[in-house]
Amino acid sequence: MPDITIDVHDHQMPAYLAEPDRSRVGGVVLIHEIFGLNKTMRAVADRFAEAGFLAICPSLTWRQGDLPEIEPGDEAALEEGRRRMAESSDDQMLGDVKAAVLHLREMGLCNERVATVGYCAGGRIAFLMACRGDTQANVAYYGTNIDKHLAEAVKLTRPFMMHLGEKDPFIPPETRKRLVDRLCPVAGVAIHTYPGVGHGFARPGASGAEAEAGKLADQRTFDFLGLYLR
């Protein structure tokens, strides 16, 4: 699958494109974790393509230049990922994601119906897209700091699904309760909590309970997107 670029205000944003084996399908913009566009996110994009979607994952850290790729796994990677994401504002990332949405809609392979699916910090951007964007649906996997933007829920008019791990240290029980209490009453919102798993349970290469939870979350996501993108 190719690495491509997307035009953003006369600049070129790197992205990874994964194509399904058929045309005129729904598009999915994948919004990466704090670790950026890496091997993990390319594997996620391939997984969505295998499920029949045209998937693209833009690099939201492109303004910082050609950075070495990092993968989740240790504290050093976590801190570097946080540093990189802190360099980009939510408004910048939303603009980048909207450019990726437009790019997909203009592709002949796409039926012009597009969703966003965000992971970790990208989940927050997917939530904001559900409030501010024009995508057909949006999904957040263990999205961090969404609770700080709950005032935007009054603008939540697009279908939105969220996957949460019961033991996620970055989304503790009191935060999960605030999210559920505020968002579940909104039409078109579905929130799933997965027992016994923490943050990042849907990453490729997970094992045991995390792998099972990730598989279930992905199937729910594919079914959800199928309602709005086909």
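Everything in the sequence shown is counted per my numbering, starting at 14 for the first residue and increasing by one.
Backbone N, C-alpha and C define an ideal beta-carbon position, used for all residues, glycine too.
Expressed to the nearest angstrom, what Euclidean distance is found between the alpha-carbon atoms of residue i and residue j?
i, j, result
"residue 207", "residue 216", "14 Å"
"residue 64", "residue 108", "27 Å"
"residue 72", "residue 235", "23 Å"
"residue 190", "residue 62", "33 Å"
"residue 95", "residue 80", "14 Å"
"residue 90", "residue 76", "19 Å"
"residue 209", "residue 47", "23 Å"
"residue 30", "residue 199", "33 Å"
"residue 116", "residue 170", "23 Å"
"residue 104", "residue 239", "28 Å"
"residue 55", "residue 40", "15 Å"
"residue 147", "residue 112", "12 Å"
"residue 101", "residue 74", "7 Å"
"residue 203", "residue 119", "29 Å"
"residue 172", "residue 38", "19 Å"
"residue 97", "residue 185", "24 Å"
"residue 26", "residue 137", "20 Å"
"residue 187", "residue 18", "40 Å"
"residue 225", "residue 149", "27 Å"
"residue 88", "residue 183", "14 Å"
"residue 233", "residue 23", "37 Å"
"residue 174", "residue 126", "17 Å"
"residue 165", "residue 36", "35 Å"
"residue 153", "residue 237", "12 Å"
"residue 99", "residue 21", "20 Å"
"residue 197", "residue 78", "40 Å"
"residue 243", "residue 160", "31 Å"
"residue 16", "residue 60", "16 Å"
"residue 218", "residue 106", "27 Å"
Mind reading off the beta-carbon distance from residue i to residue j? Whole number of angstroms is fine, and I expect it under 8 Å.
i, j, result
"residue 69", "residue 134", "18 Å between Cβ atoms; not a contact."
"residue 241", "residue 58", "Incorrect: roughly 19 Å between the Cβ atoms, too far for contact."
"residue 132", "residue 205", "No, residue 132 and residue 205 are not in contact; Cβ-Cβ is about 15 Å, not under 8 Å."
On the DSSP bridge assignment, give the partners of residue i in chain order.
i, result
"residue 183", "Beta-bridge pairing links residue 183 to no other residue."
"residue 205", "176"
"residue 154", "132, 176"
"residue 40", "67, 127"
"residue 231", "According to DSSP, which records beta bridges pairwise, residue 231 is partnered with nothing at all."
"residue 30", "69"
"residue 277", "This structure cannot speak to residue 277, because the chain is shown only from 14 to 243."
"residue 16", "29"
Using beta-carbon positions only, say whether residue i and residue j come within less than 8 Å of one another.
i, j, result
"residue 110", "residue 142", "yes"
"residue 168", "residue 195", "no"
"residue 53", "residue 33", "no"
"residue 93", "residue 83", "yes"
"residue 158", "residue 139", "no"
"residue 155", "residue 178", "yes"
"residue 181", "residue 211", "yes"
"residue 114", "residue 43", "no"
"residue 214", "residue 201", "no"
"residue 176", "residue 230", "yes"
"residue 123", "residue 67", "yes"
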